[in-house]
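Chains A and B supply the protein sequences, listed in that same order. The opening residue of the first sequence carries number 1 in our numbering; numbering runs sequentially from there. The opening residue of the second sequence carries number 1 in our numbering; numbering runs sequentially from there. The structure appears right after this line, and notes come after that.
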Amino acid sequence: MSGIDVDLAVNGLITGLFYALMAIGLSLIFGILKIVNFAHGEFYMVGAYAYTLIALALGVPVWIALPLAFVVGALLGWLTERTLMRPLYAGYTSWGLMRDEYAVIVTFGLSLFLINLVDKVIGPYAYRGPPLVETSRVVLGPVLISGHRLLAAGIAIAVIAITAALIKWSFWGQQIRAVSQNRLGASLAGIDTAKASVIVFMLSGGLAAFAGALLSPVINASPDVGIFPAIKSYIIVVLGGMGSVPGAIIASLFLGVIESFGAVYISFQYRDAFGLILLMLFLLFRPQGLFGEKGREV
Amino acid sequence: MAGLLRRDMLGVALAVAAIMLPVAGAQAADPIKVGVTITQSPPGSVVQGTQVKDGLEVAAKIINDAGGVDGRKIELVIEDTQGLPEKARAAVEKLITRDKVVAITGEHQSSAALAGIEVAHRYKIPYINTNGWSDAIREKGYPEVFNPGNYNSRVGSAAAATMKDLGVKRVVSIAENTDYGIGLAKAIGEALKKVAPDVQYKYETLDRASKDFLPAILPMRANAPDAIINLMLPPAAYIMMNQLYEQGVAPSAKTWLYDGSGLADYPDFWQNVKEAGKGMLVFGLYHPKMAQPALGKQVGEAYTAKTKNEPNRLLFQAADSLFLIADAVKRAKSTNSEALIKALGETKYTGTRGEITFSKDKGYAFNQWLDVPYVTFQLTEINQKVGDAALVSQPGQPLDKSKLWKPAK
């Protein structure tokens with residue numbers, strides 16, 4: 001493997017880690033609510049702005065601004081679930097009765113609202129978030145990477161691991177998995193399904209905002225910064241299997257590496273098309289994704 | 001009997017006068033509506049749109065405070081195109097057919113301008129292209145379209161001259177995937193072939209909506225060119241510059257970074273690039289040390305008072321666009337589109353940047369102000385104001401290499 005290949009692999013994996021932070025939340029929302037949140041990219045955008053403005057405008061140290069951005073995203077997630085999502089499924093015990101196309105319309109509307117609100121209130125100018133460390137270049141063998149990006153990757157690994165562990169072993173994680181398997185059954189077993197939905201939305205919003213915050217020194221916060229990461233998240237959720245957290249992680253890393261190598265060896269201009277091509281192939285030959293389950297409804 | 005008839009006629013005449021006078025007065029006070037198509041929301045450049053809007057509003061205020069044009073105030077009717085051609089087309093159609101504007105101006109993105117001019121041409125309404133640089137806009141040869149702003153061939157020849165003076169052998173342009181970016185990249189290539197045929201040149205096209213350009217930059221680290229020319233707009237341009245710096249590609253001891261997009265005077269430039277901008281050579285359409293007419297200084301001061309920002313070239317281009325329309329209305333003594341187009345074609349007006357006239361040569365020069373002033377300067381400190389940056393060349397003068405700075409590594 002040549003030096004540039006190592007560079008591409010490392011950068012692809014790092015990019016994949018940030019995709020995973022975004023995609024896990026989306027996958028959880030689909031798993032438990034069976035809806036796609038089309039405002040997910042805007043949670044990422046809000047996190048990027050929250051981190052940048054808290055650190056720059058309020059002078060808060062970056063290591064405090066970072067978790068605060070998570071909190072802002074979680075609060076936005078709570079507000080979204082409580083005011084926009086709850087009316088869609090409240091009173092429905094069967095998913096067959098819920099009008100999930102309303103969720104598409106509502107979340108699209110929320111996306112447009114947030115983009116334009118930020119554009120008008122904060123302004124159209126991009127803001128570069130302060131880096132976690134000032135070291136602009138770190139040399140690791142053939143790989144040259146910024147200190148911030150390296151540290152952000154490490155933090156992303158830790159957060160993903162903690163999230164996966166919480167989902168698998170914690171009390172609420174088990175409740176969430178029960179609700180995602182069978183909402184009616186979980187409800188009959190005494191699980192508060194509404195609370196599970198709130199937790200998932202808050203976790204999803206927090207993770208997306210955290211991803212935006214980690215990347216704000218790299219991607220520079222602007223009103224439309226969340227559009228592309230959101231599209232990648234939708235692709236990853238399908239590739240990994242809708243509702244599968246391990247699937248979302250594996251698919252994210254896979255997509256990051258594919259895009260990295262494809263951009264150099266095939267074409268950079270079609271870099272964002274590789275994910276869409278993979279999506280089409282999976283939908284044709286393995287629609288359940290890597291770790292999803294096949295199902296049939298009559 | 002005759003007396004009665006005379007009295008009736010007098011009564012009728014008085015009644016008619018009573019009706020006509022207010023109407024005539026209202027017509028004289030009717031504002032002159034000017035349609036403006038700018039980006040006010042993503043995915044287009046909202047930063048540019050905001051600067052153009054500010055420039056037009058400053059100019060409108062200057063005109064209206066001086067009594068308007070023959071007593072008629074200027075009224076801006078603004079439409080958001082989002083930088084999208086289809087929205088630009090719809091915006092121009094609406095402005096012409098529903099708002100009945102006398103002229104269209106403000107457009108700052110070439111793709112949107114190329115769409116808008118088709119509608120203006122169909123309706124034969126004057127279109128003042130504020131900042132669409134693509135030569136293709138001029139090459140259409142539409143008599144309604146006037147171009148007082150910069151054009152790709154101008155940047156192409158300036159960039160090529162700079163590369164020649166720097167003595168570089170390999171040049172790479174990084175262009176955004178738009179009519180402006182690709183057109184300019186090609187224009188630079190053509191110009192280099194003429195002035196420096198030994199220079200190896202190629203260009204890379206990057207998606208302006210992307211947030212990661214590392215896969216495109218990594219191969220350059222292995223085989224760095226002597227100069228990289230930026231042909232991208234914010235925010236993608238800032239991300240690309242940061243990643244070029246992070247990877248040690250440019251600006252560096254080996255590789256010059258030259259900006260052909262006019263980034264340096266954007267209000268958010270330094271906040272977004274920091275050390276990545278230090279050492280950048282800039283094709284500058286505005287520098288405080290440039291000779292500027294009194295109107296330019298007036299507009300600049302009014303802009304700074306309004307926004308608390310330093311003036312920039314988009315402000316002056318926008319202001320000139322509106323001043324030219326007002327001047328044409330005044331000379332034509334009419335807002336009839338045919339009369340306006342004729343008057344615009346005969347323009348000889350000293351705006352904010354110099355005396356503006358429109359060439360009648362075909363191709364990129366058609367209805368273009370050819371002598372758009374520019375300079376080349378270099379940013380040598382982080383957070384440096386444009387006015388403090390070293391002027392390294394002016395039109396007609398070669399690059400002053402003694403003023404150039406390059407990083408140690």
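Even glycine gets a Cβ: it sits at the ideal position worked out from N, Cα and C. No experiment lies behind these values; they were computed from the predicted model shown.
Among B:Val119, B:Pro43 and B:Ala29, nearest to Gly35 (chain B) - alpha-carbon criterion
As a working note, residue 35 (chain B) is residue 35 in the second sequence. Of the candidates B:Val119, B:Pro43 and B:Ala29, the residue whose Cα lies closest to the Cα of Gly35 (chain B) is B:Val119.
Alpha carbon of Gln27 (chain B) to alpha carbon of Leu324 (chain B), nearest angstrom
Here residue 27 (chain B) refers to the residue found at position 27 when the second sequence is read from its first residue. Here residue 324 (chain B) refers to the residue found at position 324 when the second sequence is read from its first residue. Here Gln27 (chain B) scores only 49 on pLDDT, less than 50, and its place in the model should not be relied on; the value that follows carries that caveat. Going by the C-alpha atoms only, they are around 23 Å apart.
Would you tell me roughly how many angstroms separate the C-alpha atoms of Ala178 (chain A) and Ile249 (chain A), rounded to the nearest one?
To locate residue 178 (chain A), count along the first sequence from 1; it is residue 178. To locate residue 249 (chain A), count along the first sequence from 1; it is residue 249. Those two C-alpha atoms are separated by around 20 Å.
Is there a C-beta anywhere in chain A that falls below 8 Å from the one on Pro251 (chain B)?
Locating residue 251 (chain B) in the second sequence gives position 251, counting from the first residue. For Pro251 (chain B), the answer is no, since every Cβ of chain A falls outside 8 Å of its Cβ.
Three-state secondary structure assigned by DSSP to Glu144 (chain B):
As a first step, residue 144 (chain B) is located in the second sequence; it is residue number 144 there, counting from the start. Look at Glu144 (chain B) here: in three-state DSSP terms it is coil, with no helix or strand label.
Pop quiz: Ala216 (chain B) and Ala153 (chain A) are said to be a contact at Cβ under 8 Å. What is the actual Cβ separation, rounded to whole angstroms?
Your numbering for residue 216 (chain B) matches position 216 in the second sequence. Your numbering for residue 153 (chain A) matches position 153 in the first sequence. Between Ala153 (chain A) and Ala216 (chain B) the Cβ distance is about 20 Å, and since that is not below 8 Å, they are no contact.
Val172 (chain B) versus B:Thr162, B:Ala160, B:Tyr203 and B:Lys194, residue with shortest Cα-Cα distance:
Stepping through the second sequence from its first residue, residue 172 (chain B) is reached at position 172. With distances taken between Cα atoms, Val172 (chain B) lies closest to B:Tyr203.
Which residues DSSP lists as bridging Trp256 (chain B), in chain order
Here residue 256 (chain B) is taken as the residue at index 256 of the second sequence, counted from 1. Per DSSP, B:Ala227.
I'd like the list of long-range same chain contacts for Ala20 (chain A), defined as Cβ closer than 8 Å, with 5 residues on each side in sequence excluded.
Here residue 20 (chain A) corresponds to residue number 20 of the first sequence, with the count starting at 1. Contacts found: Ala156, Ile160, Ile236, Ala248, Ile249, Ser252 and Leu253.
Mapping the DSSP letters down to three states, classify Leu379 (chain B) as helix, strand or coil.
Reading the second sequence from its first residue, position 379 is the one you call residue 379 (chain B). Reduced to three states, the DSSP call for Leu379 (chain B) is coil.
Tell me the DSSP secondary structure of Ile231 (chain A) in three-state form.
The count along the first sequence starts at 1 and reaches residue 231 (chain A) at position 231. In the structure shown, Ile231 (chain A) falls within a helical segment according to DSSP collapsed to helix, strand and coil.
Ala161 (chain B) vs Ile137 (chain B) beta-carbon contact at 8 Å:
Indexing the second sequence from 1 puts residue 161 (chain B) at position 161. Indexing the second sequence from 1 puts residue 137 (chain B) at position 137. At least 8 Å separates the beta-carbon of Ala161 (chain B) from that of Ile137 (chain B).
Under 8 Å Cβ-Cβ, which residues of chain B neighbour Ser146 (chain A)?
Translated into the one-based positions of the first sequence, residue 146 (chain A) becomes position 146. Those are Glu246, listed as they occur along chain B.
Identify each residue in the segment 248-279 of chain A for which the Cβ-Cβ distance to at least one residue of chain B is less than 9 Å, and report them in chain order.
For the segment 248-279 of chain A, the set of residues with a beta-carbon nearer than 9 Å to any beta-carbon of chain B comprises Glu259, Ser260, Phe261, Gly262, Ala263, Val264, Phe268, Gln269, Arg271 and Asp272, in chain order.
When DSSP labels each residue in this structure, what does Ala24 (chain B) get in the three-state scheme?
Sequence index remark: in the second sequence, residue 24 (chain B) carries index 24 (1-based). Legend: pLDDT at Ala24 (chain B) = 45, less than 50; position of this residue unreliable, value from coordinates given subsequently. Assigned with DSSP and collapsed to three states, Ala24 (chain B) falls in helix.
Mind pulling the chain A residues with CB within less than 8 Å of Asp207 (chain B)?
To locate residue 207 (chain B), count along the second sequence from 1; it is residue 207. Against chain A, the beta carbon of Asp207 (chain B) has neighbours under 8 Å at Gln269, Arg271 and Asp272, listed in chain order.
Against chain B: residues of the segment 228-246 of chain A by CB proximity under 7 Å
So the close ones are Phe228.
Are any of the Cβ atoms in chain A nearer than 8 Å to that of Tyr238 (chain B)?
The residue labelled residue 238 (chain B) in the question sits at position 238 within the second sequence. Interface residue, yes.
Does the Cβ of Asp388 (chain B) have 16 or more other Cβ atoms within 10 Å, making it buried, or fewer, making it exposed?
Taking the first residue of the second sequence as 1, we reach residue 388 (chain B) at position 388. Residue environment: Asp388 (chain B) is assigned as exposed (fewer than 16 neighbouring CB atoms within 10 Å of its CB, all protein chains considered).
What residue range is occupied by the uninterrupted beta strand (DSSP E) comprising Asp30 (chain B)?
Working through the second sequence from its first residue, we reach residue 30 (chain B) at position 30. From DSSP, Asp30 (chain B) is part of no beta strand (DSSP E); its letter is neither H nor E.
Look at Ala211 (chain A) and Tyr44 (chain A) and say whether their C-beta atoms are less than 8 Å apart.
Taking the first sequence and counting its residues from 1, the one referred to as residue 211 (chain A) is at position 211. Taking the first sequence and counting its residues from 1, the one referred to as residue 44 (chain A) is at position 44. Yes; because the gap between Cβ atoms is below 8 Å, this pair is in contact.
If I follow the unbroken alpha helix (DSSP H) through Ser146 (chain A), where does it start and stop?
Counting from one through the first sequence, the residue named residue 146 (chain A) turns up at place 146. It is not in any alpha helix (DSSP H) - Ser146 (chain A) carries neither H nor E in the DSSP assignment.
Quick check: Val238 (chain A) and Phe282 (chain A), are their CB atoms within less than 8 Å of each other?
The residue you call residue 238 (chain A) lines up with position 238 of the first sequence. The residue you call residue 282 (chain A) lines up with position 282 of the first sequence. Yes, the pair counts as a contact, with Cβ atoms nearer than the cut-off.
Name the residue from B:Lys348, B:Leu56, B:Arg89 and B:Glu176 whose alpha carbon lies nearest to the alpha carbon of Thr357 (chain B).
Counting from 1 along the second sequence, the entry for residue 357 (chain B) is found at position 357. Per the Cα distances, B:Lys348.
Please state whether DSSP places Ala189 (chain A) in a helix, a strand or coil.
In the first sequence, counting from the first residue as 1, residue 189 (chain A) sits at position 189. When secondary structure is reduced to three states using DSSP, Ala189 (chain A) falls in the coil class, being assigned neither helix nor strand.
Could you run through the segment 123-141 of chain A and flag, in chain order, every residue whose CB is less than 8 Å away from some CB of chain B?
Going along the segment 123-141 of chain A in chain order, one finds Gly123, Pro124, Tyr125, Ala126, Tyr127, Arg128, Ser136 and Arg137 with a Cβ nearer than 8 Å to chain B.
At least three beta-carbon pairs within less than 8 Å, the segment 173-181 of chain B to the segment 138-145 of chain B:
Cβ pair count under 8 Å is below three, so no.
Would Arg183 (chain A) be called buried (16 or more neighbouring beta carbons within 10 Å of its own) or exposed?
The residue labelled residue 183 (chain A) in the question sits at position 183 within the first sequence. Per the 10 Å Cβ criterion, buried.
Cβ neighbour criterion (16 or more within 10 Å) applied to Asp70 (chain A):
Locating residue 70 (chain A) in the first sequence gives position 70, where the first residue counts as 1. Reading off the sequence shown, one finds Phe at residue 70 (chain A), where the question assumed Asp. So Phe70 (chain A) ends up on the buried side.
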